[in-house]
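Written out below as structure tokens is the structure these notes cover.
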Amino acid sequence: MSIESAWGLQTTLDQQQASHHYRRRRTLDSAQGPIVQVDGKAFIAFCSNDYLGLANHPALVNTNQQALQQWGVGSGAAHLISGHQTPHEQLEQQIAAWTGRERALVFSTGFMANLGVITALMGRDDVVFQDRLNHASLIDAGLASGAKVVRYQHSDMRSLEQQLQTHQGRRRLVVSDGVFSMDGDRAPIKALVQLCEHYQAGLMIDDAHGIGVFGESGGGCLEAMKLTQSQVPILMATFGKALGVFGAFVAGSEVLIETLIQKARSYIYTTAMPAAFASTVSRSIELCQQAKHEREHLTGLTQKLRQGLLSQGFKLIVSDSPIQALILGDSEKALNVSAALYERGFLIQAIRPPTVPINSARLRITLSAAHTQEQVDALLAVMSEMRA
Ligand SMILES: *Cc1c(COP(=O)(O)O)cnc(C)c1O
Numbered sequence: 011m012s013i014e015s016a017w018g019l020q021t022t023l024d025q026q027q028a029s030h031h032y033r034r035r036r037t038l039d040s041a042q043g044p045i046v047q048v049d050g051k052a053f054i055a056f057c058s059n060d061y062l063g064l065a066n067h068p069a070l071v072n073t074n075q076q077a078l079q080q081w082g083v084g085s086g087a088a089h090l091i092s093g094h095q096t097p098h099e100q101l102e103q104q105i106a107a108w109t110g111r112e113r114a115l116v117f118s119t120g121f122m123a124n125l126g127v128i129t130a131l132m133g134r135d136d137v138v139f140q141d142r143l144n145h146a147s148l149i150d151a152g153l154a155s156g157a158k159v160v161r162y163q164h165s166d167m168r169s170l171e172q173q174l175q176t177h178q179g180r181r182r183l184v185v186s187d188g189v190f191s192m193d194g195d196r197a198p199i200k201a202l203v204q205l206c207e208h209y210q211a212g213l214m215i216d217d218a219h220g221i222g223v224f225g226e227s228g229g230g231c232l233e234a235m236k237l238t239q240s241q242v243p244i245l246m247a248t249f250g251k252a253l254g255v256f257g258a259f260v261a262g263s264e265v266l267i268e269t270l271i272q273k274a275r276s277y278i279y280t281t282a283m284p285a286a287f288a289s290t291v292s293r294s295i296e297l298c299q300q301a302k303h304e305r306e307h308l309t310g311l312t313q314k315l316r317q318g319l320l321s322q323g324f325k326l327i328v329s330d331s332p333i334q335a336l337i338l339g340d341s342e343k344a345l346n347v348s349a350a351l352y353e354r355g356f357l358i359q360a361i362r363p364p365t366v367p368i369n370s371a372r373l374r375i376t377l378s379a380a381h382t383q384e385q386v387d388a389l390l391a392v393m394s395e396m397r398a
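Here it is in structure tokens:
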């Protein structure tokens with residue numbers, strides 16, 4: 011039997027192509043950065059999550075090389091067997107101190123952290139309340155946990171309150187992105203804290219896009235709002251975005267972290283991140299804590315880009331993060347604009363359904379502290395040409 015025809019795989023691919031939802035990868039022939047090489051040509055890239063420009067930072071490359079000499083390339087085992095090494099342990103302590111939580115746990119990826127937390131804590135008799143625009147890994151984790159999953163309208167506290175009044179359960183957990191990955195806006199975390207306290211629900215914030223970007227020391231949305239462990243008992247964030255490396259952490263109480271070590275299957279049954287990368291993340295956090303100037307530069311670029319595009323008549327979702335979503339609506343149109351930008355030497359991805367809701371196809375423009383004012387000016391100039 012050919013699964014390709016018997017299961018209609020080719021037909022589905024053809025349909026996806028016809029509806030402009032087909033996805034293609036672009037191969038970069040260079041390291042990540044504001045200028046990247048594709049097909050032998052240089053592009054100005056506005057589509058990475060490398061918000062502080064750390065992914066190819068010489069100090070981190072150097073740390074990684076030295077750590078590789080000491081620790082080798084592979085961790086050789088899962089954390090609970092023999093893969094947990096000094097750099098992992100140090101990184102966890104550093105994160106706990108940085109985020110003001112009792113303890114932290116390092117996961118190999120953010121997807122696995124979300125899957126591990128929600129499946130370890132929630133089950134059949136429980137309810138997970140999710141913002142409609144939460145990251146796919148949170149949505150999938152809710153489904154995998156076997157709990158009832160209830161989605162509320164995006165950042166809409168009336169909608170959440172209504173759902174909290176309607177759906178009872180043994181345990182109830184409200185989950186939200188801190189900064190929404192495709193829209194760039196921040197969740198109303200203080201209001202979430204209040205509702206969770208009032209309705210006796212747990213709260214989990216995924217700050218993958220807030221860490222490094224917000225807060226005096228780059229500690230993310232919770233640092234910016236001074237929210238403590240008792241207000242937000244479960245904090246998750248990743249190392250692969252502003253921190254420029256790879257992996258993720260969950261931070262919270264001693265008991266929470268011990269529970270995850272005992273029960274989170276995506277923690278237990280997977281190879282530990284190589285120790286050299288844990289060392290590199292530690293160094294990256296130090297750089298991030300000192301990156302006040304970079305964060306200010308990033309805010310300046312964000313304001314410049316927004317003002318420029320809005321004055322040209324483009325429609326942007328309200329956002330003070332380096333994620334700026336320029337709404338085009340139609341998938342084909344978004345692809346065409348992205349292709350036209352490519353022709354002019356700019357790499358910016360069109361984001362289409364199912365990643366974003368139907369009729370909200372967009373350009374997701376992301377800024378980095380490694381960008382210059384001139385690069386943003388250059389983008390504004392071509393956008394204004396395309397408007398004309
Ligand atoms: C990127 C991202 C993740 C997944 O993290 P990885 O380390 O890339 O697996 C989870 N949540 C959010 C909000 C993200 O943006």
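Going from the sequence shown to my numbering is simple: count from 1 and add 10. Beta carbons: idealized from backbone N, C-alpha and C, even for Gly.
Residue burial annotation: alanine 146 is exposed, with fewer than 16 other C-beta atoms found within 10 angstroms of its C-beta. Ranked by Cα distance from serine 240, the options Ser58, Leu373, Ala218, Val203 are led by Val203. The shortest C-alpha to C-alpha distance from threonine 119 to any of Thr269, Asp141, Val260 is the one to Val260. Excluding five sequence positions before and after leucine 90, the CB atoms of its chain that fall closer than 7 Å to its own CB belong to Ile278, given in chain order. Annotated as distal: valine 184 and alanine 201, with beta-carbon spacing of 7 Å or more. Where glycine 120 is concerned, the enclosing alpha helix (DSSP H) starts and stops at 120 to 131. By the CB criterion at 7 Å, leucine 320 and alanine 371 fall outside the cutoff. Judged by the Cβ position, alanine 344 fails to qualify as a neighbour of ligand 1 at the 6 Å threshold, every heavy atom of the ligand being at least this far.
Relative to the Cα of asparagine 144, the nearest Cα in the group Val159, Leu131, Gly133 belongs to Val159.
With fewer than 16 neighbouring CB atoms inside 10 Å of its own CB, methionine 396 falls in the exposed class. Bridge partners of lysine 51 according to DSSP: Val48. A contact between stretches requires three or more CB pairs, one per stretch, nearer than 8 Å, and the stretch 223 to 231 fails this requirement with the stretch 359 to 367. Taken through DSSP and simplified to helix, strand or coil, glutamine 163 comes out as coil. Unbroken alpha helix (DSSP H) runs of no fewer than 4 residues, entirely contained in the stretch 164 to 242, are found at 167 to 176, 199 to 209, 231 to 234, following chain order. Per the C-alpha coordinates, the member of Leu311, Phe287, Thr309 positioned closest to alanine 65 is Phe287. Distances from the CB of alanine 87 to the heavy atoms of ligand 1 are all 6 Å or more.
Between leucine 213 and threonine 312, the CB-CB gap reaches or exceeds 7 Å. For the pair valine 386 and leucine 297, the CB atoms are not nearer than the 7 Å cut-off. Scanning Asn369, Ile333, Gly318, Ser169 for the CA closest to the CA of lysine 343 turns up Asn369. Residue environment for glutamine 95: buried (at least 16 other C-beta atoms within 10 angstroms of its C-beta). Counting along the chain, the unbroken alpha helix (DSSP H) around arginine 293 starts and ends at 285 to 299. In the three-state scheme derived from DSSP, where H, G and I count as helix and E and B as strand, threonine 309 is classed as helix. A distance below 8 Å between beta-carbons, with the five flanking residues on each side excluded, links glycine 179 to the following residues of its chain, in chain order: Asp135, Asp136, Val137, Ala157, Lys158.
Just so you know, the alpha carbons of tyrosine 32 and alanine 107 end up roughly 44 Å apart. Sorting Ala379, Leu389, Leu308, Glu384 by C-alpha distance to the C-alpha of serine 348 places Leu389 at the top.
Note that the C-beta distance between glycine 152 and valine 189 is not below 7 Å. Ligand 1 has a heavy atom closer than 6 Å to the beta-carbon of alanine 218. The residue among Gln26, Ser12, Gln75 with its C-alpha nearest the C-alpha of valine 291 is Gln75. In the three-state reduction of the DSSP assignment, valine 71 falls in the helix class.
Apart from sequence neighbours up to five positions away, the residues of its chain that approach leucine 351 with a beta-carbon distance below 7 Å are Ile358, Val392, ordered along the chain.
Residues Pro44, Leu311 of the same chain have their beta carbon placed closer than 7 Å to that of histidine 381, with the five preceding and five following residues left out of the count.
For threonine 109, the uninterrupted alpha helix (DSSP H) run begins and ends at 96 to 109, by DSSP. Straight-line spacing of the CA atoms in glycine 110 and aspartate 141 works out to 25 Å.
Under the 10 Å beta carbon count, asparagine 59 is surrounded by 16 or more other beta carbons and is classified as buried. For isoleucine 271, the enclosing alpha helix (DSSP H) has its first and last residue at 264 to 273. Of the candidates Glu112, Arg113, Ala154, the residue whose Cα lies closest to the Cα of alanine 130 is Ala154.
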